[in-house]
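Our numbering numbers the first residue of the sequence shown as 4 and each following residue consecutively.
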Amino acid sequence: MEFGNATGGNKGIVLPWVTQTSVVTGAVPGTIVFDSRAAEQKVYFAKAATPNSTVVSQWVDLSAGALTPTTAFTPDTNLENNTAKVLVGGNPVTDTTPGVLVLGATDKAMVLPRVASISDIASPSAGMMVFLTGTTTTPINQLAVFNGREWTFWTKP
4 MEFGNATGGN
14 KGIVLPWVTQ
24 TSVVTGAVPG
34 TIVFDSRAAE
44 QKVYFAKAAT
54 PNSTVVSQWV
64 DLSAGALTPT
74 TAFTPDTNLE
84 NNTAKVLVGG
94 NPVTDTTPGV
104 LVLGATDKAM
114 VLPRVASISD
124 IASPSAGMMV
134 FLTGTTTTPI
144 NQLAVFNGRE
154 WTFWTKP
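Rendered as structure tokens:
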């Protein structure tokens, strides 16, 4: 799955908003969510303690160091279909991995939306993620996440 184009664009992917990581039912390692609580407003990544484990041992803060937005977010009032799921790759009959967008292929990867600079995105949404390709004056090869107030950058877990 690929978003945008290889040389960079001006769009990102917005993560699912949750009220806290502990309410994410059946999370597996690799799950990424946006915690929308007023005291948090951070992007979290579910991590396993051992290789090939399907048990989440820790939620890693990908927004580390970011200031909490000054205005709390108001979730939309649209009813949510808790069973909605898009499975890309894998077998829909046997795949029970929970998630809104599940990448089930074992031999493929998702390419995040690529941007040369975060300034290319005029109005980022809280929970947005992009991959920075960089320019001669900006960093390269970084995951950038937006918490509604500012961007934070991640180079490794």
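Just so it is clear, CB atoms sit at the ideal spot from N, CA and C, and this is done for glycine as well.
In the three-state DSSP reduction, residue 121 falls in the helix class (H, G or I). Per the coordinates, the alpha-carbon of residue 127 lies some 24 Å from the alpha-carbon of residue 106. Exposure of residue 70 is indicated by the presence of fewer than 16 other C-beta atoms within 10 angstroms of its C-beta. Contact check between the region 108 to 120 and the region 29 to 47: fewer than three CB pairs, one atom from each, fall below 8 Å, which does not count as touching.
31 is the residue among 39, 86, 144 and 31 whose C-alpha sits nearest the C-alpha of residue 59. With a beta-carbon spacing of about 11 Å, residue 124 and residue 135 fall beyond the 8 Å limit used to define contacts. It is roughly 8 Å from the alpha-carbon of residue 40 to the alpha-carbon of residue 21.
About 10 Å separates the CB atoms of residue 154 and residue 146; that is not less than 8 Å, and the two are not in contact. DSSP, reduced to helix, strand and coil, places residue 17 within a strand of the structure shown. Minimum Cα-Cα distance from residue 26 among the listed residues 102, 149 and 140 corresponds to 102. Beta-bridge analysis with DSSP links residue 143 to no other residue.
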